[in-house]
Amino acid sequence: MKKIFSMIAGAGVIAAICGILFIHNEITDRINPLVPRQDVYVQIDRDGQHLKPGGTEYTLDGYNKSGEKSEVTFYAGSDLRKNAYLKVNAKGKYIETWEEVQYQELPKNVQSQLKQ
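Take the sequence shown: its letter number 82 is residue 74 in our numbering, and every next letter is one higher.
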């Protein structure tokens, strides 16, 4: 009987670990070696959400170099320039870095999606 309980408990632990690994969020994307890194391009076309104690969180539509759309959420220490273009280095939902770029630096497939 003891052996059966330990097998059930062991199976429960394994199921819990597998469940955690398949939750799709920025923490698991950050550590999951199967989630690829890609650049996503966004335009600051709306106001971000001001956070306390400081900074701004943006949730924007972005496009990869093929022009495929995805939503990205990232943090900035202050408000970003309206209509600026950013190259966001993403690993799934985890945002590693972002930097402002010029319209001419955007891939052609992205230029057709974002206004100039």
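For each residue, glycine too, the CB sits at the ideal point set by N, CA and C. It should be emphasised that the depicted structure is a prediction, and the values quoted were computed from it without experimental measurement.
The three-state secondary structure of Glu97, taken from DSSP, is helix. Gln108 counts as exposed, since fewer than 16 other beta carbons sit within 10 angstroms of its beta carbon. Assigned with DSSP and collapsed to three states, Ile36 falls in coil, not helix or strand. Secondary-structure assignment with DSSP links Gly54 through a beta bridge to Val34 and Ser62. Scanning its chain for C-beta atoms nearer than 7 Å, with the 5 sequence neighbours on each side dropped, one finds no residue around Leu26. If you draw a straight line from the Cα of Gln30 to the Cα of Pro45, it comes to about 30 Å. Taken through DSSP and simplified to helix, strand or coil, Arg22 comes out as helix.
Only exposed fits Asp37, as fewer than 16 other CB atoms lie within 10 angstroms of its CB.
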